[in-house]
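Visitor: So the sequence shown is residues 33 to 148, counted in my numbering.
C-beta atoms are modelled at their ideal positions from N, C-alpha and C, and glycine is treated no differently.
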Amino acid sequence: KSLPMHDDPYAKRESPFSHDSRGRHPSPDRPYVNKYKMNDSEEEPSEVLWIGFPAQLKVDEFVLRKAFSPFGELEKITSFPGRTYAFVRFRNVASACRAKETLQGKLLANPRVRIC
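(1) When burial is assigned at 16 or more other CB atoms within 10 Å of the CB, is residue 90 buried or exposed?
(2) Below 6 Å CB to CB, which residues in the same chain sit around residue 93 once its five sequence neighbours on both sides are set aside?
(3) Taking DSSP as the reference, what is the three-state secondary structure of residue 85?
(4) Please state if the CB of residue 75 and the CB of residue 121 are separated by a distance shorter than 7 Å.
(5) Between residue 144 and the rest of its own chain, which residues show a CB-CB distance below 8 Å, the 5 nearest in sequence each way excluded?
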């Protein structure tokens, strides 16, 4: 005579961990976008440029004004002593775009300087 499964010590039982009772969530409609890896051409043009530079470069408002003023009227330059970035605000978007296109990879004679 055979024993019922719950009494048979050798019967194969389903592990309590084999069934995942957590609900499944559908993936979002839009795929995840890593903004740091986006191509600059996909960004909306702005009159404000972000300038990132290596820590060993000493960049201040005077240096930035000299580099960017030939491209149009500047409204504001914000630099942060001890930081590796600054902001340059032009009066209009077209001037900012010209500056970015012309100076990208060439600003301060250092290809590691990045303009976004």
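Guide: The short version:
(1) What you label residue 90 is simply residue 58 of the sequence shown in a count that begins at 1. Its Cβ having fewer than 16 others within 10 Å, residue 90 is exposed.
(2) Position 61 of the sequence shown, counted from the first residue, corresponds to residue 93. So the qualifying residues of the chain are 109, 111.
(3) Counting from 1 along the sequence shown, the entry for residue 85 is found at position 53. Of the three classes helix, strand and coil, the one that applies to residue 85 here is coil, per DSSP.
(4) Within the sequence shown, residue 121 is the residue found at index 89, counting from 1. Within the sequence shown, residue 75 is the residue found at index 43, counting from 1. Cβ distance not < 7 Å, so residue 121 and residue 75 don't count as in contact.
(5) For the purposes of this step, residue 144 is identified with residue 112 of the sequence shown, where counting begins at 1. Excluding residues within five positions, the ones whose Cβ falls inside 8 Å are 85, 86.
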